[in-house]
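In the working numbering, the protein residues as written are 5 to 244.
Think of the CB as a built atom: it goes at the ideal place given N, C-alpha and C, for glycine as much as any other residue.
To keep things clear, I will list the structure first and then write my remarks on it.
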């Protein structure tokens, strides 16, 4: 994960209640943490795929060295295709690998479960270091005023693009609605989800959709009440 820092900003107006401030900061933190969880999930699943490929390579080397017969090589290639289908989510279970008591998958303890995106999000403090948290960079409580927050560069980039997509959707996307834009960002991690050896049900992302949707709705409420000013156009605002 990219460790350089970047900023995201919001221009404010009017009188803010304590509840306004608390709900605003909570929404910013929750949206940031969703994208942080996605990055963590991507990294975990990439490592699992690498581990799988290393194990499969070991078996390929064995076959070519000791069982280098056309039929055996064909079986090996068939098993590779089956395993790719498994990793892509097209089949639920992996058939027993021929000639062996176990399949050429990385062997993990039964009790060790790979966390879903939702599980990572709701336990995000266990995965983030202090330098990966989003921090308040600057606040100017005035009218006009504003807020800026600092976080990991690639996560802030995703956050900003997400906000721009919500506020500046094209006509086609606008017809589909806000939840479809949210789903577009969640499908970014689906290709990594396919390499999970304990695939969670699709419904496991429903809570993440709610987090993003509620966060956006709260920002829109503050904008509608004239307490935040044109969010999409001020996403790089830095208060003086």
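TODO: Pull up the distance between the alpha-carbon of residue 7 and that of residue 152, whole angstroms please.
DONE: Note on geometry: alpha-carbon atoms of residue 7 and residue 152 lie some 18 Å from one another.
- [ ] Give me the Cβ distance between residue 80 and residue 64, rounded to the nearest whole Å; I'm assuming they're in contact under 8 Å.
- [x] 6 Å
Task: Endpoints, the alpha helix (DSSP H) within which residue 9 is located - done: Not the alpha helix (DSSP H): residue 9 falls in the beta strand (DSSP E), residues 9 to 16.
Task: Under 7 Å between C-beta atoms of residue 170 and residue 185 - done: yes
Open item on the list: In this structure, how does DSSP classify residue 154 when only helix, strand and coil are distinguished?
Closed with: strand
TODO: Measuring alpha carbon to alpha carbon, tell me which of 136, 53 and 120 ends up nearest residue 10.
DONE: 136
Open item on the list: Measuring alpha carbon to alpha carbon, tell me which residue in 242, 53 and 215 is nearest residue 27.
Closed with: 215
TODO: Flag this pair as yes or no: are the beta carbons of residue 14 and residue 242 separated by less than 7 Å?
DONE: no
- [ ] Look up residue 149 in the DSSP assignment and give the residues it is bridged to.
- [x] 16
TODO: State the beta-bridge partners of residue 232 as determined by DSSP.
DONE: 16.
- [ ] Give the secondary structure of residue 127 by DSSP, where H, G and I count as helix, E and B as strand, and everything else as coil.
- [x] coil
Open item on the list: Within a Cβ cutoff of 7 Å, which residues of the same chain sit near residue 33, ignoring the five residues on either side of it in sequence?
Closed with: These residues qualify, in order along the chain: 138.
Open item on the list: Can you look up residue 239 in the DSSP assignment and give me helix, strand or coil?
Closed with: Looking at residue 239 - three-state DSSP - the assignment turns out to be coil, as it is neither helix nor strand.
- [ ] Please confirm whether residue 44 and residue 160 have their CB atoms less than 7 Å apart.
- [x] No Cβ-Cβ contact shorter than 7 Å links residue 44 with residue 160.
TODO: Keeping to the same chain, check which residues put their C-beta closer than 7 Å to that of residue 24; ignore five residues upstream and five downstream.
DONE: 226 and 231
TODO: Would you list the residues sitting across from residue 144 in a DSSP beta bridge?
DONE: 150
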